[in-house]
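Using the working numbering, the first residue of the sequence shown is number 154, and each one after it goes up by one. Virtual Cβ for every residue (Gly too), placed ideally from N, Cα, C.
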Amino acid sequence: MSQEEVERAVHRFSKAVLTMDIGQLMNDLSPEAMVKLQAAAGAGMAVQIQGYEVLSLRQEGQDWVSEVKYLGPTNFTARFIWRQMGGDWKIADADVLSTEPGGS
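See below:
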């Protein structure tokens, strides 16, 4: 349960968002988190992501919380609750915290 393991998972997931690696995205997201992100982010927003920035990573009990800003025509910041499930770090919960106009 090291911070380094969670950091690797955060970057693995964010790179999967950039490349639209659906298999990795589905592996990293719990079904509940996937539904929440789809509803909050809006259809097609993630398809246009051009970069990301990890804003924070902190431990809360057994879980880790990351905030990541995704960059594109519309920037958005998401908070992910990472939890160890079946030996892997997965996103147990997710929320889009903010959106703002981005670059083109």
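Practice task
Determine, using beta carbons only, whether L210 and A231 come nearer to each other than 8 Å.
Solution key: Mapped onto the sequence shown, residue 210 falls at position 57. Mapped onto the sequence shown, residue 231 falls at position 78. Against a cut-off of 8 Å, the Cβ pair of A231 and L210 comes out as no contact.
Problem - Whole-angstrom distance between Q237 and G256, CA atom to CA atom - result: As a working mapping, residue 256 is identified with position 103 in the sequence shown. As a working mapping, residue 237 is identified with position 84 in the sequence shown. Distance between the alpha carbons of G256 and Q237: 35 Å.
Problem - Boundaries of the beta strand (DSSP E) in which S251 is found, first to last residue - result: Taking the first residue of the sequence shown as position 1, residue 251 is located at position 98. Run containing S251: 241-254, per the beta strand (DSSP E) assignment.
Practice task
Grab me the residues of W242's own chain with a C-beta within less than 7 Å of its C-beta, minus the 5 sequence neighbours each way, in chain order.
Solution key: Against the sequence shown, residue 242 aligns to sequence position 89. Once the five neighbours on either side are set aside, the close Cβ partners of W242 are E158, V159, A162, W235.
Practice task
Identify, in the order they occur along the chain, each residue of the same chain with its Cβ nearer than 6 Å to the Cβ of L171, setting aside the five sequence neighbours on each side.
Solution key: Working through the sequence shown from its first residue, we reach residue 171 at position 18. Around L171: I202.
Practice task
Find out if the Cβ-Cβ distance for the pair V218, S167 is shorter than 8 Å.
Solution key: On the sequence shown, position 65 is the one that residue 218 refers to. On the sequence shown, position 14 is the one that residue 167 refers to. Going by C-beta atoms, V218 is not nearer than 8 Å to S167.
Handout entry: Beta-carbon spacing of A169, D248 below 8 Å
Key = Numbered from its first residue, the sequence shown carries residue 169 at position 16. Numbered from its first residue, the sequence shown carries residue 248 at position 95. No, Cβ-Cβ distance for A169 and D248 is not below 8 Å.
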